[in-house]
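Enquirer: Taking the working numbering, the leading residue of the sequence shown gets 43, the next gets one more, and so forth.
Every residue gets a Cβ at the ideal spot worked out from N, C-alpha and C, and that includes glycine.
Can you read through this structure? Questions will come right after.
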Amino acid sequence: MGINYGYENFYSVLRHAIASTDHLQKRLAGVISGIDHLEQDSFPDDETWNRFEKLVNGTTMLPPKGNEGTIQATTSQMTDDEAALWLKEAFDIFSNIAEVYGRAHK
43 MGINYGYENF YSVLRHAIAS TDHLQKRLAG VISGIDHLEQ DSFPDDETWN
93 RFEKLVNGTT MLPPKGNEGT IQATTSQMTD DEAALWLKEA FDIFSNIAEV
143 YGRAHK
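Take a look at the structure:
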């Protein structure tokens, strides 16, 4: 799928999260559910991929309860500060992808 696919997915979910009036935990859940399917070829290097894996693991580590999935189970129990840190990490990962994407599309 490549960097273009990673860029498009991150851009879309982060744009929505920024414009949303939902609480931070719900915004984070939306971001993760929109990017958790990405594969390593969507990232410019191993370091960015590893950061992405930590982001996904950190936001899906709790088992689901009832009909919710691991994303909702995990993000719903975070404090605002925790959710904000993960959202910032998602943005920083996107910045790395966007830099490479931008160079490729000059």
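What is the DSSP secondary structure of T112, reduced to helix, strand or coil?
Expert: Three-state result, T112: helix.
Enquirer: Terminal residues of the continuous alpha helix (DSSP H) containing K130?
Expert: Residues D122 to A146.
Enquirer: Could you say which of D83, Q119, T101 and P106 lies nearest to I139 if we only look at CA atoms?
Expert: It is D83 whose Cα lies nearest to the Cα of I139.
Enquirer: Tell me whether N51 is buried or exposed, calling it buried when 16 or more other Cβ atoms sit within 10 Å of its Cβ.
Expert: With 16 or more Cβ atoms within 10 Å of its Cβ, N51 is classed as buried.
Enquirer: Please report the straight-line C-alpha distance between H58 and G76, rounded to a whole angstrom.
Expert: H58 and G76: Cα-Cα distance of roughly 10 Å.
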